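Under the numbering used here, the letters of the sequence shown match residues 2 to 285, in that order.
Glycine is no exception: its CB is placed at the ideal position from the N, C-alpha and C atoms.
Everything numeric in this text was worked out from a predicted model, so none of it was measured.
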Amino acid sequence: MKNRILLILALAFVVLGCSDRYAIEKRYWGLQKQAGDIFGNPHSTPPRQIEQVVKKFNGFANKYPGTNLAIDADFTIARLYAAKEDFDKAREQLSAIMKKYSNSPVIVSEAMALYGNSYEMENKWGLAVNEYKKVYEKYPYSRAGFELPIYIARHYKAKFQPESMNEAYMEAVAHYKTLIQDNTDPRIAINAYFLMTNCYMELKDWNAVVSAYDSIIKNYKDNPKAQSAVETATLNKALIYATQLKNLPKAKEILAEFTKRYPRSRLIKVANNLLKEIEKNAAK
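Shown next as structure tokens:
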């Protein structure tokens, strides 16, 4: 979680000069070592020790406001409280982050997702779901906004609740369809299409999977920036015909067209090998 947050936030703020940055990073990783000791054994860590470390992270964040490490420090405080199962303080810190960085959808959406996760850690799934839905309704194009609809469905799958799982996957499909319809950015639409196919796969609706792949191919086949996605969709479509719909002639047709249309594709070896395998099986 820590590394992902750093990676996301690195795009949002200006970094300091190299010499200053080295000294600051050295100090920060020292703080992280102290936090790591707590994360390694949170239940045996005295509350006073946690508050001392929290105070140091707060001091760091206040001294270097707006930097990547300061933002990570703010999130680390919330994670420390959550690890100690002091969820009220964790949520209080996350609320402070949302207010502090209210102009950054990236940061706010991450904080909101963690806010929901704190309820999940507390075994309050109903409250967690409510918070998760707020994230993808308010920030649908954020990392969390894309991932959480499927995350909710997978929770029900892990809990062996098929009806709730199917309902959640259908809600996710509806969410991704809305993103596709409301957006002209091909990157967002393509991402939503692929996530939608994941939902259909879990529902074992193979014709719907094929239809989604067809939409990617049809809508973006002439877009040079989307070529990789189109190639992936085409190959995946062939795989669905071969393995799920048991239509080997159709799979062979798609793969043959793929090898002609994309001879330099990064997937050409996979396509050729699959085509050979299908031809071998057809000859038996």
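May I ask which residues mark the beginning and end of the alpha helix (DSSP H) holding residue i?
{"i": "Tyr152", "result": "144-159"}
{"i": "Lys222", "result": "Segment: none, Lys222 is in no alpha helix (DSSP H) and carries neither H nor E."}
{"i": "Glu86", "result": "Neither: Glu86 is in no alpha helix (DSSP H) and is coded neither H nor E."}
{"i": "Asn63", "result": "48-64"}
{"i": "Asn192", "result": "187-203"}
{"i": "Gly67", "result": "Careful: Gly67 lies outside any alpha helix (DSSP H) and carries neither H nor E."}
{"i": "Ala239", "result": "228-244"}
{"i": "Leu115", "result": "106-122"}
{"i": "Asn167", "result": "163-183"}
With a 10 Å radius around its C-beta and 16 neighbouring C-beta atoms as the bar for buried, classify residue i as buried or exposed.
{"i": "Ser45", "result": "exposed"}
{"i": "Val16", "result": "For Val16, the pLDDT reaches just 46, beneath the cut-off of 50, and the residue's location in the model is therefore unreliable, although a value from the coordinates is still provided. Classification of Val16: exposed, given that the 10 Å Cβ count is below 16."}
{"i": "Phe259", "result": "buried"}
{"i": "Ala62", "result": "buried"}
{"i": "Phe58", "result": "buried"}
{"i": "Gly67", "result": "exposed"}
{"i": "Thr244", "result": "exposed"}
{"i": "Leu12", "result": "Residue placement at Leu12 is poorly supported in this model, since its pLDDT is 48, which falls under 50; the coordinates are not used for a value here."}
{"i": "Gly117", "result": "buried"}
{"i": "Thr185", "result": "exposed"}
{"i": "Glu254", "result": "exposed"}
Check whether the Cβ atoms of residue i and residue j lie closer than 9 Å to each other.
{"i": "Ile108", "j": "Ile153", "result": "no"}
{"i": "Ala159", "j": "Leu180", "result": "no"}
{"i": "Ile191", "j": "Ala227", "result": "yes"}
{"i": "Val271", "j": "Ile241", "result": "no"}
{"i": "Ala230", "j": "Ala239", "result": "no"}
{"i": "Ile279", "j": "Leu249", "result": "yes"}
{"i": "Ala234", "j": "Tyr214", "result": "yes"}
{"i": "Leu268", "j": "Leu236", "result": "yes"}
{"i": "Tyr170", "j": "Leu149", "result": "no"}
{"i": "Lys139", "j": "Ser110", "result": "yes"}
{"i": "Ala84", "j": "Pro48", "result": "no"}
{"i": "Asn224", "j": "Ile151", "result": "no"}
What distance in whole Å lies between the Cβ atoms of residue j and residue i, which are believed to be in contact at a cut-off of 8 Å?
{"i": "Pro187", "j": "Tyr142", "result": "About 13 Å; that fails the 8 Å criterion."}
{"i": "Tyr137", "j": "Gly127", "result": "Wrong, their Cβ atoms sit about 17 Å apart, outside the cutoff."}
{"i": "Ala91", "j": "Tyr82", "result": "4 Å"}
{"i": "Met1", "j": "Ala114", "result": "Outside the shown range of the chain (2 to 285) lies residue 1, about which nothing can therefore be said."}
{"i": "Val55", "j": "Gln35", "result": "That pair is no contact at about 10 Å."}
{"i": "Ile39", "j": "Leu70", "result": "About 18 Å separates the two Cβ atoms, so there is no contact after all."}
{"i": "Leu276", "j": "Ala257", "result": "7 Å"}
Can we count residue i as close to the ligand ADP, meaning its CB is less than 8 Å from some heavy atom?
{"i": "Lys56", "result": "In terms of ligand content, the structure shown is empty, and the ligand ADP therefore cannot be addressed."}
**Request:** Please determine if the region 169-184 and the region 117-127 are in contact, where contact requires at least 3 C-beta pairs separated by less than 8 Å.
**Result:** Counting Cβ pairs under 8 Å, fewer than three are found: no touch.
**Request:** Would you check if there are 3 or more beta carbon pairs closer than 8 Å linking the region 88-103 to the region 58-77?
**Result:** yes
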